[in-house]
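Protein chains in written order, with this note's numbering: chain L, 54 to 228; chain R, -13 to 200.
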């Protein structure tokens, strides 16, 4: 039990530090660590928990709380939460205080320009990781594509409405 | 709304550049971030933050907001929580950072735990799993739109496109671990974008040629 709790804290702290480019960027690694490296989740559970996380407001990666809860109850939920948010939060807090000293450094622009494409690549990899578990038949393709088209080419639709729309279609046609 | 936009610009001259101390009480900070954390759905949290912090509350002007966002994006962690830590710290020091972070995450954590408890009891219910499958599929569409919106500029730039494809291939196809990808690709990308890189002008002109051929 103690070992398991420690593993939860270790896994999510590692993910926290690696989360350059936000939550989506660590999804492939999170999937690997929670399904393959540790026997915590099945592929279907990961998909369900990811989807649950999409239904909650606020930061996009609160699914980590559900993963922790699934593994080890409330203690697991708290360990996953603090593991995932505390290390990056402390790094951000410390760095933001010294950041201004580098305001005129040419390396700041260098870092930003270098990170931009890496972040897009990591997000695309996260997208593929999620698509691999969620896209299972023709209807899921139709839901994903129509959501994309409405969001990308439509006029300022709230993505939350489309997520709920996908859920409603799922209740009737994906059971 | 538009009147309050003018205020911080005047204050800015009097206060030291990055400290925003004295603009908000702890309670105001908590309630404001609680509201953002409880109402921002679908990942578009930056828009909610800007609307609340810059437009409604006028605690930050657009430049201060962008400076905080720039730090949030360059560091590990989510934009939503990193922004709460930075803005909370600048408004009220370390306690402000903690309070803003708590407000940002509290509504979502409570709701996601309630959903989790419901899911554990109903994980074999076909209506519940059907609903989650639909949500998952829709979220792929959302992620694709968000990724393209963020990456639009990079996808048209040859060097950036190469770095995107390289990162993607390493992670999605070759299954290289994230830590290894980060410690190799970021320095590589920084090398290409290093200050006063002699090849930069050539690369840029080649980009123009290539895009001109299309």
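Glycine included, each C-beta is placed from N, C-alpha and C at the ideal position.
Is the Cβ-Cβ distance between residue 76 of chain L and residue 114 of chain L less than 8 Å?
In this structure, residue 114 of chain L lies closer than 8 Å to residue 76 of chain L by Cβ.
Write down the C-beta distance between residue 19 of chain R and residue 89 of chain R rounded to the nearest angstrom, noting that I regard them as a contact closer than 8 Å.
3 Å between Cβ atoms; contact.
By the criterion of Cβ-Cβ separation under 7 Å, what are the contact partners of residue 21 of chain R in chain L?
Those within 7 Å of residue 21 of chain R in chain L number zero; the least Cβ separation is about 10 Å.
Contact between the stretch 192 to 210 of chain L and the stretch 129 to 138 of chain R is defined here as three or more beta-carbon pairs at a separation below 8 Å; is this criterion met?
Result yes; three or more Cβ-Cβ pairs closer than 8 Å.
Hey, is residue 160 of chain L's beta-carbon within less than 8 Å of any beta-carbon in chain R?
By this cut-off, residue 160 of chain L is an interface position.
Closest Cβ-Cβ distance between residue 67 of chain R and chain L: below 8 Å?
True, the Cβ-Cβ gap to chain L drops below 8 Å.
Just the chain L side, please: which residues come within less than 8 Å of residue 146 of chain R by C-beta, in chain order?
Here the neighbours are 169, 170, 173.
Closer than 8 Å, CB to CB, is residue 133 of chain R near chain L or not?
Yes - at least one Cβ of chain L is within 8 Å of the one on residue 133 of chain R.
Distance, Cα to Cα, residue 175 of chain R vs residue 164 of chain R?
So the alpha carbons of these two residues sit roughly 16 Å apart.
Can you check whether the CB of residue 136 of chain R is closer than 8 Å to the CB of residue 173 of chain L?
Yes, they are a contact pair.
Let me confirm a value: residue 207 of chain L is counted as buried when at least 16 other C-beta atoms fall within 10 Å, else exposed. Which label applies?
By the neighbour-count rule (16 or more Cβ atoms within 10 Å), residue 207 of chain L is not buried but exposed.
Is the Cβ of residue 215 of chain L closer than 8 Å to any Cβ of chain R?
Yes, because at least one Cβ of chain R sits closer than 8 Å to the Cβ of residue 215 of chain L.
Is it right to say residue 225 of chain L is buried, meaning 16 or more other beta carbons lie within 10 angstroms of its own, or is it exposed?
It counts as exposed.
Let me check understanding here. Comparing Cα to Cα, which of R/101, R/11, R/10, R/6 lies closest to residue 107 of chain L?
Out of R/101, R/11, R/10, R/6, R/101 has the C-alpha closest to the C-alpha of residue 107 of chain L.
Using CA atoms only, rank isn't needed, just tell me which of L/64, L/98, L/151, L/92 is closest to residue 83 of chain L.
Nearest option by C-alpha distance: L/64.
Can you tell me whether residue 152 of chain L is buried or exposed? The criterion is at least 16 other CB atoms within 10 Å of its CB, across all chains shown.
Buried, since its Cβ has 16 or more Cβ neighbours within 10 Å.
What span of residues does the alpha helix (DSSP H) with residue 32 of chain R cover, start to end?
From DSSP, the alpha helix (DSSP H) with residue 32 of chain R extends over 31 to 36.
Under the three-state reduction of DSSP, which class applies to residue 119 of chain L: helix, strand or coil?
Three-state result, residue 119 of chain L: helix.
Mind listing which residues of the stretch 168 to 180 of chain R have their C-beta closer than 9 Å to chain L's C-betas, in chain order?
Here the close residues are 168, 171, 172, 173, 174, 175, 176, 177, 178, 179, 180.
Compare the C-beta of residue 50 of chain R with all C-beta atoms of chain L and state if any pair is closer than 8 Å.
Not an interface residue.
What separation, rounded to the nearest whole angstrom, lies between the Cα atoms of residue 220 of chain L and residue 103 of chain L?
Rounded to whole angstroms, residue 220 of chain L to residue 103 of chain L spans 13 Å at the Cα level.
According to DSSP, is residue 62 of chain R helix, strand or coil?
Reduced to three states, the DSSP call for residue 62 of chain R is strand.
Measure the C-alpha to C-alpha separation of residue 150 of chain R and residue 182 of chain L and round it to an integer number of angstroms.
Their backbone Cα atoms lie some 16 Å apart in a straight line.
Is there at least one Cβ from chain L nearer than 8 Å to residue 18 of chain R's Cβ?
Chain L contact via Cβ: absent.
Can you tell me whether residue 73 of chain L is helix, strand or coil according to DSSP?
It is a strand residue.
According to the neighbour-count rule (16 or more other Cβ atoms, all chains shown, within 10 Å of its Cβ), is residue 114 of chain R buried or exposed?
Looking at its Cβ environment, which holds 16 or more other Cβ atoms inside 10 Å, residue 114 of chain R is buried.
Check whether the stretch 109 to 128 of chain L and the stretch 32 to 51 of chain R are in contact - that is, three or more C-beta pairs closer than 8 Å.
No contact exists between the stretch 109 to 128 of chain L and the stretch 32 to 51 of chain R.
Taking the CB atoms as reference points, tell me whether residue 146 of chain R and residue 170 of chain L lie closer together than 8 Å.
Cβ atoms of residue 146 of chain R and residue 170 of chain L: closer than 8 Å.
Go to residue 232 of chain L, then tell me how far its alpha helix (DSSP H) extends in each direction, as first and last residue.
Outside the modelled stretch of chain L, which goes from 54 to 228, sits residue 232 of chain L, for which no answer is possible.
Do you know how far the Cα of residue 132 of chain L is from the Cα of residue 160 of chain L?
In a straight line, the C-alpha of residue 160 of chain L is about 36 Å away from that of residue 132 of chain L.
Is it right to say residue 87 of chain R is buried, meaning 16 or more other beta carbons lie within 10 angstroms of its own, or is it exposed?
Burial call: buried.
Could you check whether residue 101 of chain L and residue 6 of chain R sit closer than 8 Å to each other, using their CB atoms as the reference points?
No, they are not a contact pair.
Any beta-carbon of chain L closer than 8 Å to the one on residue 56 of chain R?
True, the Cβ-Cβ gap to chain L drops below 8 Å.
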